[in-house]
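Participant: Here the protein sequences line up with chains R and Z, keeping their order.
Residues 1116 to 1531 (the numbering used here) make up the first sequence, in order.
Residues 1116 to 1531 (the numbering used here) make up the second sequence, in order.
My questions all concern the structure below.
Number of protein chains: 2
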Amino acid sequence: MARNLLYAQSGGVTAVINASACGVIETARRHPEFFGTVFAAEEGILGVLRESLLNLSAESPAEIAALRHTPGGAFGSCRADLGDPVSQRADYDRAVAVLRAHDIGTFVYNGGGGSMLTAAKLARFARSQGLDLTVMGVPKTIDNDLPHTDTSPGFGSAAKYIVTSVREAALDLASMAGSSTKVFITEVMGRHAGWLAAVAGLAFESDDSPLLLLLPEVPFDQASFVAALQQTVARHGYAVVVVAEGLLCADLSFCAQAQISEIFGHEQLGGMAPQLAMLSRSLGFKTHWAVSDYFQRSARHIASRVDVEQAYACGAAAVRYAMDGATDVMVGIERTSDEPYLWTLKPVPLEAVADVELPVPAEYIRPDGFGITAAARRYLWPLIQGEDIPPFRHGVPVFAALARHRVPPRLPAWTA
Amino acid sequence: MARNLLYAQSGGVTAVINASACGVIETARRHPEFFGTVFAAEEGILGVLRESLLNLSAESPAEIAALRHTPGGAFGSCRADLGDPVSQRADYDRAVAVLRAHDIGTFVYNGGGGSMLTAAKLARFARSQGLDLTVMGVPKTIDNDLPHTDTSPGFGSAAKYIVTSVREAALDLASMAGSSTKVFITEVMGRHAGWLAAVAGLAFESDDSPLLLLLPEVPFDQASFVAALQQTVARHGYAVVVVAEGLLCADLSFCAQAQISEIFGHEQLGGMAPQLAMLSRSLGFKTHWAVSDYFQRSARHIASRVDVEQAYACGAAAVRYAMDGATDVMVGIERTSDEPYLWTLKPVPLEAVADVELPVPAEYIRPDGFGITAAARRYLWPLIQGEDIPPFRHGVPVFAALARHRVPPRLPAWTA
């Protein structure tokens, strides 16, 4: 009899991680000869350890299809990873016991680099225990910092939200700048890699624009930023600043942390945007600032169609690769053409992805550090192409409402 | 020969103020028997004083039509109003001289309460000087605080952005809350009236939800907020807090100002969201926060279709009212049915609108102060109905690109 499939979501969620879930579930359900019941673990690896499972085979096809346009992580996510297999042996034993108890033959883990490492470690341990387990990774992160894949599902939609929002807000600012607000500062996610700040460069097609980007890849120099801000306002009448939350100071500490503790001597109040706003105001510019936070990674209403398609395709491919006998691989996206944007999928060893974070390369950053190059535009444009508007009812988007059939536990409760 | 029409935009701009401009311009251009050239003043009343005019009759119909889906204020806006007609007499004389120099027979001012007062004062003064001038007001404000109109164009679209974004971010938070972030706080605009915070109540259909609203109409009581936050997290696993920037403390000072100066003793760093996040973290909740700022009022990509239609209709009606011989009126929206939402337009005396700010009424606020009532839902739902997605090209929305034909000045330069 066909063994079961277990799917789980891990790490910070995105606008399209559920599209990957949809790809996994729909594809697995079409192949009962390969897969028995399709389960999800709630809250990623934590749900595996807790034996907190949902029976997805009992969900209606319509609600599973609706996952494709539902943001957030429908099954819950977590920031926990499996630790060292020796010192944390009990966790591994428990995970394998749960997989055995529910006859899991395929485990699909949807997450970023850390999650791929967890998947790889679990795969190796399971086999060392004689459990025949196929382990597949599906990429996910708005940070776009995974190696061996052209992009990671989630990035394109966050990017499209940022490009669209910055373009819109710049028009607002332009209307007010003559006699009122002259600077608008917005902070985007990206602790270690500045991809989401870099992509804001697409909001303007020319380099001669009111836009200044501040990336973690370029240590912040206050004097040159002040000069650039003053020049930009002088030339364009206003300036739009997009800053990555993980901007680094000259000593490579996070600016947000360093300045906050320096100025206030206590816990973090705000991030880069309000701090830079204070600096901008000190130059005499009326300044507005925004921090999108979760909005940027959950803005399914302005998702990139390319991103949604890739997210779904990666989920579906993970299942197909499993049927083909592969294991211990993540589905990677390979670009074969910039324009038109063409891509295929390929298996990438989990271990090659694990815990590597790719920054924005130097050749994508303008020499002055405040913008992106033509090469960056060539790479980034395709990722925000196409719209995929979710259905609306009564004026608001309608999202999946799963029945969430809980699977009765077969093991004693887990105590960490 | 038909005299000319002058249109101008005033106050903080919105996602649909240009839709009103579109209504004014298209309607006036269809009636050459009534209107000669259609002009815009740049930056509102400042452009009148500076004689800084654009010839809109020379713009292509396609670009004028594109204003309907273009956020920001295409002609520039300002926060300046005309002052006292006696002490600021020179401004009034100059405005009338500019209107005469360009044979303006109709002045259409698109703004909020303060702008309607400026329009009323200019109308009275112009006639006292023997200038035959028709003055029309077109309502605009995301704050929804104008009297004698069911709503003000701009509110519905900001509202739809907020409801959609909060609904999306709540799904994100729900995914993470089991083992990570438990509270998400977002700050919305509204210095004196809490309409944009109140409308976030629509993000959940039931009162039994993870949502807590903090409106300027309900003085902030830290103890009851802390209790509500703890109860909400205990019951739902997480909490979403939507706070108006103008939240008032018990002594009726702005919380943002008061707490900042109390804690830091210097200029304002952030607003309510980061402050409440600090409070939430002190309760042991991992907390995220967002401030949408300009994004909420420029988010044309998620505009309310009802709002766009009303914005356009108000602009068009101002021109028709002028043709019918009315003057010194603002176009007001009158609701004739909640469901289906039906509305008509009506003239409202400018003076009746001037500088009145309507707060959220007590019957719209839940007894505990943290939510909205069924009556509020009945009022608010219609205003966010329907989508009006702008055209996209290469993955980003395409906005109007006006030729901006400057009108040669006929008067000496203005020196304020």
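Here a beta-carbon is modelled for each residue, glycine too, at the ideal position from N, C-alpha and C.
Looking at R/GLN1244 and the ligand COA, is the gap between the Cβ and the nearest heavy atom below 7 angstroms?
Facilitator: This structure lacks the ligand COA, and indeed carries no ligand of any kind.
Participant: Could you work out which residue in R/LEU1391, R/CYS1193 and R/CYS1137 is closest to R/LEU1164 when comparing CA atoms only?
Facilitator: By 1-based counting over the first sequence, the position of residue 1164 of chain R is 49. Out of R/LEU1391, R/CYS1193 and R/CYS1137, R/CYS1193 has the C-alpha closest to the C-alpha of R/LEU1164.
Participant: Compute the Euclidean distance between the alpha carbons of Z/ALA1371 and R/PHE1299, then round it to the nearest angstrom.
Facilitator: Working through the second sequence from its first residue, we reach residue 1371 of chain Z at position 256. Working through the first sequence from its first residue, we reach residue 1299 of chain R at position 184. Cα-Cα distance, rounded: 20 angstroms.
Participant: If you count every other CB in all the chains shown that lies within 10 Å of the CB of Z/ARG1085, and 16 or more means buried, which is it?
Facilitator: Absent from the structure is residue 1085 of chain Z, since the part of chain Z shown begins at 1116 and ends at 1531.
Participant: Cβ atoms of Z/GLY1229 and Z/GLY1126: under 8 angstroms apart, would you say?
Facilitator: Taking the second sequence and counting its residues from 1, the one referred to as residue 1126 of chain Z is at position 11. Taking the second sequence and counting its residues from 1, the one referred to as residue 1229 of chain Z is at position 114. Yes, the Cβ-Cβ distance between Z/GLY1126 and Z/GLY1229 is below 8 angstroms.
Participant: Using a Cβ-Cβ cut-off of 7 angstroms (strictly less than) and excluding sequence neighbours within five positions of Z/ALA1388, which residues of its own chain qualify?
Facilitator: Here residue 1388 of chain Z refers to the residue found at position 273 of the second sequence. Closer than 7 angstroms at Cβ, skipping near neighbours: ILE1300, THR1301, GLU1302, VAL1358, TRP1404, ALA1405 and VAL1406.
Participant: Per DSSP, what kind of secondary structure is R/PHE1340 in: helix, strand or coil?
Facilitator: Locating residue 1340 of chain R in the first sequence gives position 225, where the first residue counts as 1. Helix, per DSSP.
Participant: R/VAL1333 by DSSP, collapsed to three states: which one?
Facilitator: Sequence index remark: in the first sequence, residue 1333 of chain R carries index 218 (1-based). Here R/VAL1333 sits in coil by DSSP.
Participant: Can you find a C-beta in chain Z that's less than 8 angstroms from the C-beta of R/THR1347?
Facilitator: Here residue 1347 of chain R refers to the residue found at position 232 of the first sequence. So no, R/THR1347 is outside the interface.
Participant: Looking at the structure shown, is Z/THR1142 part of a helix, part of a strand, or coil, going by DSSP?
Facilitator: The residue you call residue 1142 of chain Z lines up with position 27 of the second sequence. Correct three-state label for Z/THR1142: helix.
Participant: Restricting to Cα atoms, I'd like to know which of Z/MET1231, Z/VAL1201 and Z/GLU1360 is closest to Z/VAL1250.
Facilitator: Taking the first residue of the second sequence as position 1, residue 1250 of chain Z is located at position 135. For Z/VAL1250, the nearest C-alpha among the options comes from Z/MET1231.
Participant: Would R/ALA1373 pass as an interface residue toward chain Z - the criterion being a Cβ-Cβ separation below 8 angstroms?
Facilitator: Along the first sequence, one-based indexing puts residue 1373 of chain R at 258. Because the pLDDT at R/ALA1373 is just 46, under 50, the model does not fix this residue reliably, and the value given afterwards should be weighed accordingly. No, because no Cβ of chain Z sits closer than 8 angstroms to the Cβ of R/ALA1373.
Participant: Less than 8 angstroms between CB atoms is the rule here; does R/THR1279 satisfy it with respect to chain Z?
Facilitator: If you number the first sequence from 1, residue 1279 of chain R lands on position 164. Chain Z, which has a Cβ nearer than 8 angstroms to the Cβ of R/THR1279, makes this yes.
Participant: Could you tell me which chain A residues have their CB closer than 8 angstroms to the CB of Z/ARG1412, listed as they occur along the chain?
Facilitator: The chain inventory of the structure shown lacks chain A, comprising the protein chains R and Z.
Participant: Does the beta-carbon distance from Z/LEU1168 to Z/ALA1180 come in below 8 angstroms?
Facilitator: Here residue 1168 of chain Z is taken as the residue at index 53 of the second sequence, counted from 1. Here residue 1180 of chain Z is taken as the residue at index 65 of the second sequence, counted from 1. Cβ distance not < 8 angstroms, so Z/LEU1168 and Z/ALA1180 don't count as in contact.
Participant: Alpha carbons only, please: which of R/PRO1505, R/ARG1492 and R/GLY1501 is nearest the one belonging to R/GLU1320?
Facilitator: If you number the first sequence from 1, residue 1320 of chain R lands on position 205. Checked all of R/PRO1505, R/ARG1492 and R/GLY1501; the closest Cα to R/GLU1320 is R/ARG1492.
Participant: Tell me whether the beta-carbon of Z/PRO1200 lies closer than 8 angstroms to the beta-carbon of Z/PHE1240.
Facilitator: Position 85 of the second sequence, counting from 1, holds the residue named residue 1200 of chain Z. Position 125 of the second sequence, counting from 1, holds the residue named residue 1240 of chain Z. In contact: Z/PRO1200 and Z/PHE1240 (Cβ atoms closer than 8 angstroms).
Participant: Taking only three categories from DSSP, how would you classify R/GLN1346?
Facilitator: Working through the first sequence from its first residue, we reach residue 1346 of chain R at position 231. It is helical.
Participant: Going by DSSP, what residue range makes up the alpha helix (DSSP H) through Z/MET1291?
Facilitator: Counting from one through the second sequence, the residue named residue 1291 of chain Z turns up at place 176. Counting along the chain, the alpha helix (DSSP H) containing Z/MET1291 begins and ends at 1270-1291.
Participant: Do we get a CB-CB distance below 8 angstroms when we pair Z/PHE1154 with the residues of chain R?
Facilitator: Indexing the second sequence from 1 puts residue 1154 of chain Z at position 39. False, the Cβ-Cβ gap to chain R never drops below 8 angstroms.
Participant: Which residue from R/ARG1521, R/TRP1529 and R/PRO1527 puts its Cα closest to that of R/VAL1153?
Facilitator: Numbered from its first residue, the first sequence carries residue 1153 of chain R at position 38. Minimum Cα distance to R/VAL1153 is reached at R/ARG1521.
Participant: Beta-carbon of R/TRP1310 versus every beta-carbon of chain Z: anything under 8 angstroms?
Facilitator: In the first sequence, the residue the question calls residue 1310 of chain R occupies position 195. By this cut-off, R/TRP1310 is not an interface position.
Participant: Looking only at its own chain, which residues have a Cβ that is under 8 angstroms from the Cβ of R/ASP1218, when we skip the five neighbours before and after it?
Facilitator: For the purposes of this step, residue 1218 of chain R is identified with residue 103 of the first sequence, where counting begins at 1. Closer than 8 angstroms at the Cβ level, and outside the excluded window around R/ASP1218, lie ARG1118, ASN1119 and GLY1151.
Participant: Using beta carbons (cut-off 8 angstroms, strictly below), is Z/ALA1195 in contact with chain R?
Facilitator: Along the second sequence, read from residue 1 onward, the residue named residue 1195 of chain Z stands at position 80. Z/ALA1195 counts as touching chain R.
Participant: Establish whether the CB of R/PHE1514 and some CB of chain Z are separated by less than 8 angstroms.
Facilitator: By 1-based counting over the first sequence, the position of residue 1514 of chain R is 399. At least one chain Z Cβ lies under 8 angstroms of R/PHE1514.
Participant: Using a Cβ-Cβ cut-off of less than 9 angstroms, give me the residues of the region 1406-1431 of chain Z that come near chain R, in sequence order.
Facilitator: Listed in sequence order: VAL1406, SER1407, ASP1408, TYR1409, PHE1410, GLN1411, ARG1412, SER1413, ALA1414, ARG1415, HIS1416, ILE1417, SER1419, ARG1420 and VAL1421.
Participant: Using the C-alpha atoms, what's the distance from Z/ALA1313 back to R/ARG1415?
Facilitator: As a first step, residue 1415 of chain R must be located in the first sequence, where it is residue number 300. As a first step, residue 1313 of chain Z must be located in the second sequence, where it is residue number 198. In a straight line, the C-alpha of R/ARG1415 is about 23 angstroms away from that of Z/ALA1313.
Participant: In the DSSP assignment, find the unbroken beta strand (DSSP E) run with R/LEU1460 in it and report its ends.
Facilitator: The residue labelled residue 1460 of chain R in the question sits at position 345 within the first sequence. That run of the beta strand (DSSP E) goes 1457-1464.
Participant: Skipping 5 residues on each side, what residues in its chain have a beta carbon closer than 8 angstroms to that of R/GLY1293?
Facilitator: Indexing the first sequence from 1 puts residue 1293 of chain R at position 178. Counting only Cβ-Cβ distances below 8 angstroms, and skipping sequence neighbours, we find GLY1352.
Participant: Checking contacts by CB at 8 angstroms: is R/GLN1203 closer than that to chain Z?
Facilitator: The residue labelled residue 1203 of chain R in the question sits at position 88 within the first sequence. Not an interface residue.
Participant: Against chain R, which members of the region 1496-1520 of chain Z pass a CB distance test of less than 8 angstroms?
Facilitator: Going along the region 1496-1520 of chain Z in chain order, one finds TRP1496, ILE1499, GLN1500, GLY1501, GLU1502, ILE1504, PHE1507, HIS1509, GLY1510, VAL1511, PRO1512 and PHE1514 with a Cβ nearer than 8 angstroms to chain R.
Participant: Quick one: is Z/THR1142 buried, meaning 16 or more other Cβ sit within 10 Å of its Cβ, or exposed?
Facilitator: For the purposes of this step, residue 1142 of chain Z is identified with residue 27 of the second sequence, where counting begins at 1. It is buried - the Cβ of Z/THR1142 has at least 16 other Cβ atoms within 10 Å.
Participant: Rounded to whole angstroms, what's the CA-CA distance from Z/ALA1212 to Z/VAL1444? Just pull it up for me.
Facilitator: Counting from 1 along the second sequence, the entry for residue 1212 of chain Z is found at position 97. Counting from 1 along the second sequence, the entry for residue 1444 of chain Z is found at position 329. Taking the straight line joining both Cα atoms gives about 23 angstroms.
Participant: Given a cut-off of 8 angstroms, decide if Z/ALA1515 and Z/THR1185 are closer than it, judged by their beta-carbon atoms.
Facilitator: One-based indexing of the second sequence puts residue 1185 of chain Z at position 70. One-based indexing of the second sequence puts residue 1515 of chain Z at position 400. Yes. Within cutoff.
Participant: Determine the contact status of R/ASP1336 and R/ALA1315, defining contact as a CB-CB distance below 8 angstroms.
Facilitator: Stepping through the first sequence from its first residue, residue 1336 of chain R is reached at position 221. Stepping through the first sequence from its first residue, residue 1315 of chain R is reached at position 200. Result no, Cβ atoms of R/ASP1336 and R/ALA1315 do not sit closer than 8 angstroms.
Participant: Quick one: Cα of Z/PRO1512 to Cα of R/ARG1282, how far?
Facilitator: Mapped onto the second sequence, residue 1512 of chain Z falls at position 397. Mapped onto the first sequence, residue 1282 of chain R falls at position 167. C-alpha separation (whole angstroms): 9 angstroms.
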